[in-house]
């Protein structure tokens, strides 16, 4: 495409196909993993900019150079739809308008203000972007009026424009709510019906209409009965179109839950996960926490999204944009973590934290998800074991010796299993979480938890065990220190400082007392070592094999036969040489000799003093008579 554009830059379809290539490349980067969304955002921004630039060039050249044939009109309709989809997708997570940020500033000058810095142009706002995308979908509808996806996306852009106008106080040309509802109804009418019983129906416009009506009712912009009547006139309505009499919020909640569950029952392969999440959000309102409603919302999630082991089963529907899957995974994990905290379900939260940590590529903004899971899990641990905050102040007024003595008692109690306290299980879980974290999240909250738990266990040991004699500990410390030794006249310090022999001996220096209080790092290290040693002691020891068995298993069974059949080496030795060698050998050094002249380490023993049969088992010695005999072993009587 790029080569073709070098020769025919006015060919609008080449620009359009090149934009589609960039879209496909971007889709490939965000479809299977959230790694690029979390770690390589500049690459995604570059691909989006390239795609949008090609769409702009295709649109501008098509206005000037495109013909008026029916085939060209159909291609232009597809281009308008794809361009609108690209703009809308870039405005939503996981891209979040990042492609439209203006980070660079240029130097400018004026007559009154002089030199100053300013961005070269204004950033694109969300309202303007959605308005432009809505116009593209309208142009696409001119040639394809029965394409339900154009009506569907047009309605989403118009709804976003209404919400943005309220936030940005941007009022001109805002669509009305009636226009949005009519557009959505048109999307449902143009949606293709399943021709066979085995064919799955398209549920996206039906779900979006029910979700929009529920939002309008919650805001007070639509009456209960009018909303129920609108939904009852649509296909897949609950109770086969029987009228509902709704007079209160409780009646409306029952009706809207019936609508969502009816759509969920139509989803046989369970691809549409948003209906389940919407039911949980209707049941439980995060702005008004309630234990019973939180339990109901948790049970709704566990029906199909979360398993008993807290593994998430979320699939990508056909109409879902690439990259949105990981956004929903993040939302569901955070929502479930908050539900587990409200219901005090610590075992499930532990499973969820382990699942989240192992599947980092499945969550958009994984760092935020993991930080939230760690925080909630630590709060559940502290709540279950009743660990107060800032209890480590008990370590500030004690000496090192007292702390070591009581900590040793605590270590022994943990090792032999005599200590039974809820804080001990909390300590094991916190240390396990620290290992699982592996430096990903901030370690300060975890260390604070370990410090507080060890302080609680320390207080328990001090309360339940006999008191320690502090005086005896201090006396043993003084007796063991070498700081109170007097310096004599022959010491090196005395010779260097004062050579006058008449100077009196210096006085004995009193040892400086240690500071009170225990370092925070020492407490954390001691706690981790205690739990790790107890875990290692609880493991069964691996069976050890004797060395003889190991060597015999390595050597072949025919080793003895090979050794006996090896050729023997004969060394002729004369008796005169043997006696002369013994006479010339040096005598052992005396203990009164200087160490510089002689050392026991340099005295190598004579080779004749060693038994040759031990060093060379196949070595034969020749006597002076010429006969050959075996070298006598240490146990022989020859």
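Numbering (the UniProt record's numbering), first residue to last: 1 to 638. Where is the CB? At the ideal position from N, CA and C, for every residue including glycine.
Please report how far the alpha carbon of residue i lies from the alpha carbon of residue j, in whole angstroms.
i           : j           : result
residue 176 : residue 162 : 8 Å
residue 639 : residue 278 : This structure cannot speak to residue 639, because the chain is shown only from 1 to 638.
residue 239 : residue 231 : 12 Å
residue 204 : residue 155 : 12 Å
residue 370 : residue 353 : 8 Å
residue 407 : residue 312 : 43 Å
residue 425 : residue 334 : 25 Å
residue 11  : residue 304 : 50 Å
residue 386 : residue 456 : 10 Å
residue 411 : residue 343 : 34 Å
residue 415 : residue 537 : 7 Å
residue 298 : residue 336 : 7 Å
residue 195 : residue 201 : 9 Å
residue 532 : residue 348 : 24 Å
residue 327 : residue 363 : 7 Å
residue 7   : residue 17  : 16 Å
residue 235 : residue 321 : 25 Å
residue 157 : residue 390 : 51 Å
residue 518 : residue 381 : 25 Å
residue 141 : residue 5   : 29 Å
residue 59  : residue 97  : 21 Å
Helix, strand or coil: which one does DSSP assign to residue i?
i           : result
residue 117 : strand
residue 326 : helix
residue 593 : In this prediction, residue 593 has a pLDDT of 45, which is less than 50 and means its spatial position is unreliable; what the coordinates show is noted afterwards. If DSSP states are grouped into helix, strand and coil, residue 593 belongs with coil.
residue 310 : coil
residue 108 : strand
residue 557 : Low per-residue confidence applies at residue 557: pLDDT is 44, beneath 50, and the placement is therefore not dependable enough to give any value.
residue 406 : helix
residue 369 : helix
residue 1   : coil
residue 269 : coil
residue 585 : Reliability fails at residue 585, whose pLDDT of 45 lies under 50, so the model's placement of it is uncertain and the value that follows must be treated cautiously. Residue state, collapsed to three classes: coil.
residue 43  : helix
residue 11  : coil
residue 565 : In this predicted model, residue 565 has a pLDDT of only 44, less than 50, meaning its place in the structure is not dependable; the value taken from the coordinates is given anyway. If DSSP states are grouped into helix, strand and coil, residue 565 belongs with coil.
residue 211 : helix
residue 166 : helix
residue 259 : helix
residue 484 : Here residue 484 scores only 46 on pLDDT, less than 50, and its place in the model should not be relied on; the value that follows carries that caveat. Three-state DSSP puts residue 484 in coil, outside helix and strand.
residue 468 : coil
residue 442 : coil
residue 351 : helix
residue 315 : coil
Can you tell which of the options has its C-alpha closest to the C-alpha of residue i?
i           : options               : result
residue 82  : 101, 23 and 104       : 23
residue 133 : 52, 66, 212 and 204   : 52
residue 146 : 106, 193 and 180      : 193
residue 115 : 106, 405, 316 and 123 : 106
residue 465 : 421, 409 and 208      : 409
residue 432 : 529, 317, 520 and 340 : 529
residue 209 : 178, 347, 229 and 184 : 184
residue 85  : 449, 19 and 372       : 19
residue 274 : 74, 332 and 89        : 332
residue 378 : 395, 87 and 452       : 452
residue 266 : 454, 292 and 237      : 237
residue 413 : 127, 174, 534 and 359 : 534
residue 276 : 250, 314, 43 and 178  : 314
residue 447 : 159, 111 and 521      : 521
Rounded C-beta distance between residue i and residue j? I'm assuming under 8 Å.
i           : j           : result
residue 310 : residue 261 : Not a contact, Cβ separation roughly 24 Å.
residue 256 : residue 282 : 6 Å
residue 317 : residue 270 : That belief does not hold up - the Cβ atoms of residue 317 and residue 270 are roughly 10 Å apart, past 8 Å.
residue 441 : residue 374 : 5 Å
residue 427 : residue 450 : 7 Å
Could you check if residue i is buried or exposed, using at least 16 other CB atoms within 10 Å of its CB as the buried criterion?
i           : result
residue 252 : buried
residue 94  : buried
residue 31  : exposed
residue 264 : buried
residue 329 : buried
residue 323 : buried
residue 555 : Only weak support is given to the placement of residue 555: the predicted model assigns it a pLDDT of 39, under 50, and the question is left unresolved by the model.
residue 653 : The structure shown has nothing for residue 653, since the chain only spans 1 to 638.
residue 586 : Only weak support is given to the placement of residue 586: the predicted model assigns it a pLDDT of 44, under 50, and the value that follows is read from those uncertain coordinates. Counting Cβ neighbours within 10 Å, residue 586 comes out exposed, since fewer than 16 surround it.
residue 285 : exposed
residue 3   : exposed
residue 199 : exposed
residue 189 : exposed
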